[in-house]
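Contents: one structure, followed by commentary.
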Amino acid sequence: MMGMTLLLLKQQTLQGGTHPVRKRSLAQILVRRGWKMQTKKQMTKCISNEADLICELLKHGAKATDGIIQQSSMIRMCTLSLMHLQLQGFHAIDAAAAMVGITKECKLMCDWIKKEDKLITFGFFTRHRLEECRLIRIRTLDVMLSILKGSSFPPSKMWLDLVANN
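Just so you know, we're using UniProt numbering here: the sequence shown kicks off at 1 and counts up by one.
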């Protein structure tokens, strides 16, 4: 609904005989608002998929202290923190891209668990798609953490402990 309203407003303004500077600035504002909405959607999807992965892992016998569950919890916490920051510019693009990647890998892992009806076990030196998912998630989480470390995010003791353990 909001997106359609913004699109109609943009079309009406751009078709009218308004000043070119005003047209351009309004178009930029609308693009930014649209980008923020897309970023928030991606953040929500990321949090939701990580929760689904945790549920599947727990259903199949994983312990709350398992590495993947800890990683998912940290990803969810980073995502919520990034959402709170209301990032702009390159940081917003970087954060959204990181969440797109993590969401994709999370979905692949979750689908594999459902299909195979068993827990994921990672072996040494395996060239398996799930191992690649794990590595992508680790590196992408590092990107999210670096965005947060470079921001004005107010760290709490719990947050500092999580970052220190990563």
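C-beta: ideal position from N, C-alpha, C; glycine also.
If you're wondering where the values come from, they're calculated on a predicted model, not measured in any experiment.
Since residue i and residue j are thought to touch, with beta carbons under 8 Å apart, how far apart are those beta carbons, to the nearest angstrom?
i: Thr-39; j: Ala-92; result: 6 Å
i: Ala-62; j: Leu-119; result: 6 Å
Taking the straight line between their C-alpha atoms, what separation do you get for residue i and residue j?
i: Ser-73; j: Glu-50; result: 8 Å
i: Cys-133; j: Thr-65; result: 20 Å
i: Leu-57; j: Gln-70; result: 11 Å
i: Gly-101; j: Lys-115; result: 21 Å
i: Thr-140; j: Asp-117; result: 27 Å
i: Arg-76; j: Arg-137; result: 12 Å
i: Leu-53; j: Cys-106; result: 7 Å
i: His-84; j: Lys-149; result: 14 Å
i: Lys-59; j: Ile-113; result: 10 Å
i: Asp-142; j: Gln-42; result: 18 Å
i: Thr-121; j: His-128; result: 11 Å
Which residues bound the alpha helix (DSSP H) around residue i?
i: Leu-80; result: 67-85
i: Asp-142; result: 129-149
Quick check: does the Cβ of residue i come within less than 7 Å of any heavy atom belonging to the ligand MG?
i: Arg-139; result: By its list of ligands, the structure shown contains no ligand whatsoever, and the ligand MG lies outside what it can speak to.
Is it right to say residue i is buried, meaning 16 or more other beta carbons lie within 10 angstroms of its own, or is it exposed?
i: Ser-48; result: exposed
i: Ser-146; result: exposed
i: Leu-135; result: exposed
i: Thr-103; result: buried
i: Cys-55; result: exposed
Pick from the options: whose alpha carbon is nearest that of residue i?
i: Ala-97; options: Ser-81, Gly-67, Asp-111 and Cys-46; result: Cys-46
i: Thr-79; options: Thr-121, Gly-150, Lys-149 and Met-144; result: Met-144
i: Leu-130; options: Met-83, Lys-59, His-60 and Ile-68; result: Ile-68
i: Ser-151; options: Asp-142, Leu-82, Lys-41 and His-60; result: Leu-82
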